[in-house]
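> In this text, residue positions in the sequence shown follow our numbering: the first is 6, and each later residue adds one.
For every residue, glycine included, the Cβ atom is placed at its ideal position computed from N, Cα and C.
The structure displayed is predicted, hence computed values, not measured ones.
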Amino acid sequence: MAGGFVSNCGHNLENAYREAYELAGERLLALDSRTVCLNTNAVFSAETNAYAVRYFDQECRIRLADGEIVFENDGRPLPITEKVLVLHYLIHAKPVPLTGELISFKEIPGGGPIYYGNFKKRAIDPLVGTFSKDLAGFASAARAIGGSPERLGDASAVVSVFPLVPVTYVIWQGDEEIGSSGTILFDASVTGFLPDEDIVVAAGYGVYRMIGEKKKAEDAGS
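1) Going by DSSP in three states, A146 sits in which element: helix, strand or coil?
2) Using the C-alpha atoms, what's the distance from P154 back to A162?
3) According to DSSP, simplified to helix, strand and coil, what is E191?
4) Between the alpha carbons of G228 and R214, how many angstroms are there, rounded?
5) In terms of residue numbering, what span does the alpha helix (DSSP H) encompassing P171 cover?
6) Please report the distance separating the alpha-carbon of K111 from that of F124.
7) Given this structure, state the Cα-to-Cα distance separating V195 from L169, to the nearest angstrom.
8) Using DSSP with H/G/I as helix, E/B as strand and the rest coil, what is E223?
9) Which residues in the same chain as E77 place their Cβ atom closer than 8 Å to its Cβ, once the five residues preceding and following it in sequence are excluded?
10) Closest to C42 by CA distance: which of L92, E223, L140 and F191 is it?
11) Give, in chain order, every unbroken run of the beta strand (DSSP E) that is at least 3 residues long and sits entirely within the stretch 56-116.
12) When you compare each of A207, G134 and T104 to F61 by their alpha carbons, which one comes out closest?
13) Can you tell me whether DSSP reads S165 as helix, strand or coil?
14) Based on Cα-Cα distance, which residue from R81, R59, E52 and I85 lies nearest to L69?
15) Quick one: what's got a C-beta closer than 7 Å to T135's C-beta in the same chain, skipping five residues either side?
16) Can you tell me whether N44 is buried or exposed, with buried defined as 16 or more other CB within 10 angstroms of its CB?
17) Using DSSP with H/G/I as helix, E/B as strand and the rest coil, what is P131?
18) Exposed or buried, what is S137 when buried is set at 16 or more other beta-carbons lying within 10 Å of its beta-carbon?
19) DSSP has S50 in a bridge; who is on the other side?
20) Measure the beta-carbon distance from T173 to I189 and round it to whole angstroms, keeping in mind my assumption that it falls under 8 Å.
The structure is reproduced here in structure tokens:
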């Protein structure tokens with residue numbers, strides 16, 4: 006194939022990601038770079054033969070020559086699961102505008118109800134379990150990954166996983182009678198940018214990054 010999207014992962018558990026990475030890389034190589042950039046707000050450099058796109062609070066670079074995807078600030082390669090997510094955003098994005106209408110995962114056409122159990126387990130439960138009793142920590146962690154506060158629930162923040170994929174995290178603390186809870190909301194256009202399975206992954210990565218920021222803050226204060 007033209008280009009270098011070949012994974013070095015050899016473990017059986019990673020075979021699916023390896024295959025998805027290679028297939029997505031081949032699809033990206035076949036696309037017109039101007040169209041990709043228009044649909045994703047990525048930037049393509051003909052000089053370096055690479056795309057650059059915002060991923061959470063960092064720039065990442067997708068090098069077509071060797072198929073590597075790295076963080077711009079330190080050259081560190083992304084884990085293969087995140088490489089697949091980045092590639093899927095670049096190849097699946099369509100020329101659709103953000104609507105400003107927020108929807109829950111269950112409202113996502115087609116796969117929302119099907120994948121909701123996995124979505125709740127991977128994203129909502131860790132969000133609520135980690136931050137429902139630490140709203141200040143939630144606000145700080147969201148800010149650390151490029152998020153900004155919203156006026157929903159007892160605490161909320163919107164985080165851009167990609168330039169055109171804003172994700173809104175909402176927490177209710179609850180009380181003695183009603184337990185704490187949360188939800189994660191998306192712009193109604195989200196399926197124009199990511200497949201259903203990747204919406205689960207993207208929202209989950211936002212939660213895990215915030216949990217990581219909370220742990221770093223705790224370690225720094227200990």
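In short, the structure shows the following:
1) Against the sequence shown, residue 146 aligns to sequence position 141. Reduced to three states, the DSSP call for A146 is helix.
2) As a working note, residue 162 is residue 157 in the sequence shown. As a working note, residue 154 is residue 149 in the sequence shown. Cα to Cα, A162 sits roughly 4 Å from P154.
3) The sequence position of residue 191 within the sequence shown is 186, counting from 1. Sequence check: residue 191 is Phe here, not Glu. Note: F191 maps to strand in three-state DSSP.
4) Within the shown structure, residues of the chain are numbered from 6 to 227, placing residue 228 beyond reach of any answer.
5) On the sequence shown, position 166 is the one that residue 171 refers to. Looking at the DSSP string, P171 is not in any alpha helix (DSSP H); the run it does join, the beta strand (DSSP E), is V170 to W177.
6) For the purposes of this step, residue 111 is identified with residue 106 of the sequence shown, where counting begins at 1. For the purposes of this step, residue 124 is identified with residue 119 of the sequence shown, where counting begins at 1. Rounded to whole angstroms, K111 to F124 spans 10 Å at the Cα level.
7) Translated into the one-based positions of the sequence shown, residue 195 becomes position 190. Translated into the one-based positions of the sequence shown, residue 169 becomes position 164. Distance between the alpha carbons of V195 and L169: 8 Å.
8) Position 218 of the sequence shown, counted from the first residue, corresponds to residue 223. In the structure shown, E223 sits in a helix (DSSP, three-state: H, G or I).
9) Residue mapping note: residue 77 aligns to position 72 of the sequence shown, counting from 1. For E77, where only same-chain residues beyond five positions count, the Cβ hits under 8 Å are A57, Q63, E64, C65 and R66.
10) Position 37 of the sequence shown, counting from 1, holds the residue named residue 42. It is L92 whose Cα lies nearest to the Cα of C42.
11) 63-68, 74-76 and 107-109
12) What you label residue 61 is simply residue 56 of the sequence shown in a count that begins at 1. Residue A207 is the option with its Cα nearest to F61.
13) Here the question's residue 165 lines up with position 160 in the sequence shown. Residue state, collapsed to three classes: strand.
14) To locate residue 69, count along the sequence shown from 1; it is residue 64. Ranking the options by Cα distance to L69, first place goes to E52.
15) For the purposes of this step, residue 135 is taken as residue 130 along the sequence shown, with counting starting at 1. Same-chain partners within the cutoff: I216 and K219.
16) As a first step, residue 44 must be located in the sequence shown, where it is residue number 39. Its Cβ being crowded by 16 or more others within 10 Å, N44 is buried.
17) Walking along the sequence shown from the start, residue 131 turns up at place 126. Looking at P131 - three-state DSSP - the assignment turns out to be helix.
18) Sequence index remark: in the sequence shown, residue 137 carries index 132 (1-based). Result: buried.
19) Your numbering for residue 50 matches position 45 in the sequence shown. Paired residue(s): A55.
20) As a first step, residue 173 is located in the sequence shown; it is residue number 168 there, counting from the start. As a first step, residue 189 is located in the sequence shown; it is residue number 184 there, counting from the start. Yes, they are in contact, since the Cβ atoms of T173 and I189 sit about 7 Å apart, within 8 Å.
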